[in-house]
Amino acid sequence: MTPAGKIMPGDSAKFTLTFTPDSAGTKNAVVNIASTDCDEKNYDFAVKGNSVSATKQLNLTMFIQGFYDSGTDAMISDTVQVKIRNSSPPYNIVDSSKTIVNSSGQGTFLFSNAVNGINYYIAVKHRNSIETWSSIAKPFTSSLLNYNFTDSTTKAYGSNQILIDTAPIKYGIYNGDVNQDGTIDASDLSEVDNAASESLSGYVISDVTGDNFVDAGDLSKVENNAAISVSAVLP
């Protein structure tokens with residue numbers, strides 16, 4: 001660093017240091033200031049700064065209808081994608097994140113494009129579930145946002161959830177949309193029926209109960225949801 005002008009004996013000068021960290025944590029550096037005094041060496045100053053990660057964290061709690069067991073109050077873990085969207089039309093996607101939601105329905109999603117203090121809708125996507133949005137747009141505060149879909153049906157936009165447990169009261173997002181067209185109907189039922197006829201197993205989209213088998217249990221779930229014309233409810 002070279003001063004803009006001479007600093008005379010007894011005078012002082014102010015410098016502004018700016019650094020762009022590549023990760024969070026304590027950062028150390030040495031600032032070298034050139035001296036034109038032949039009797040003095042250059043000046044070295046040790047500086048220390050704390051960098052804060054720009055990543056925003058969403059702590060989400062949610063359950064998937066067919067994956068939840070009311071007997072154990074637990075869910076079969078699975079991968080879920082969350083897209084955060086602008087709060088006004090056309091509700092553009094700001095960022096997306098994937099993680100595994102655990103048996104307690106909890107998942108941590110990280111976003112690099114979100115900004116503190118800006119309201120975003122939380123849009124939940126799962127491999128065979130109905131896309132479900134938060135009922136209102138919420139902001140990250142100090143890089144953190146907590147949202148729980150499970151304690152009230154009204155936590156989902158349009159109250160588009162189903163009661164999956166009565167003790168304790170828990171709600172889950174509808175599943176059975178195996179072709180991901182936003183509606184649970186005869187086409188989903190046909191796909192699951194065919195898979196069940198073939199005794200399909202493994203990590204397959206037609207497995208609506210998450211037990212790695214496609215059978216009558218999966219067919220029943222899809223049939224029930226198709227009968228009440230379950231579909232995505234979006235702003």
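Residue 193 in our numbering sits at position 193 of the sequence shown, with consecutive numbering throughout. All residues carry an ideal CB built from backbone N, CA and C; glycine is no exception.
>> I'd like to check one pair, I130 with D177: are the Cβ atoms closer than 8 Å?
In response: yes
>> Within the continuous beta strand (DSSP E) that includes V230, where are the two ends?
In response: No beta strand (DSSP E) contains V230, which DSSP labels as neither H nor E.
> Going by C-alpha distance, which of N28, V230, I184 is nearest K48?
Replying inline: Scanning N28, V230, I184 for the CA closest to the CA of K48 turns up N28.
> At which residue ranges does the stretch 40-106 contain complete beta strand (DSSP E) runs of 3 or more residues, listed in the order of the chain?
Replying inline: 43-51, 56-61, 78-86, 93-101
> For the stretch 97-114 against the stretch 74-82, are there 3 or more C-beta pairs whose distance is under 8 Å?
Replying inline: Contact holds: three or more Cβ-Cβ distances are below 8 Å.
> Leaving out the 5 sequence neighbours to the left and right, which residues in its chain are closer than 6 Å to G217 when beta-carbon positions are compared?
Replying inline: T209
> On the three-state DSSP scale, how would you describe N183?
Replying inline: The residue you asked about is not Asn; residue 183 is Thr in the sequence shown. Correct three-state label for T183: strand.
>> Just list the residues that DSSP pairs I169 with in beta bridges.
In response: T166
>> Do I93 and N175 count as a contact pair if the criterion is CB distance below 8 Å?
In response: It is not a contact, given that the beta carbons lie outside the stated cut-off.
>> Less than 8 Å between the beta carbons of N146 and K155, yes or no?
In response: Cβ atoms of N146 and K155: not closer than 8 Å.
>> Output needed for A226: all residues of its chain with C-beta closer than 6 Å, excluding positions within five of it in sequence on either side, in chain order.
In response: Correct list, in chain order: I184, D185, L189.
>> When you compare the CB positions of I116 and S142, do they come within less than 8 Å of one another, or not?
In response: Sequence inspection shows Asn at residue 116; the Ile mentioned does not correspond to that position. In contact: N116 and S142 (Cβ atoms closer than 8 Å).
> DSSP on V204, reduced to helix/strand/coil?
Replying inline: coil
> Are the beta-carbon atoms belonging to V214 and V192 less than 8 Å from one another?
Replying inline: yes
>> Determine whether the beta carbon atoms of V82 and S96 lie at a separation below 8 Å.
In response: In this structure, S96 lies closer than 8 Å to V82 by Cβ.
> Since P139 sits in a beta bridge, which residues does DSSP pair it with?
Replying inline: N119
>> Please classify L58 as buried or exposed, where buried requires at least 16 neighbouring CB atoms within 10 angstroms.
In response: buried
> If you draw a straight line from the C-alpha of I164 to the C-alpha of F140, how long is it?
Replying inline: 29 Å
> Just curious, the beta strand (DSSP E) that Y147 is in, first and last residue?
Replying inline: 144-148
> In whole angstroms, what separates the C-alpha of Y91 from that of N42?
Replying inline: One alpha carbon belongs to Y91, the other to N42, and they sit about 55 Å apart.
> Buried or exposed: where does I162 fall if 16 or more other Cβ atoms within 10 Å of its Cβ makes it buried?
Replying inline: By the neighbour-count rule (16 or more Cβ atoms within 10 Å), I162 is buried.
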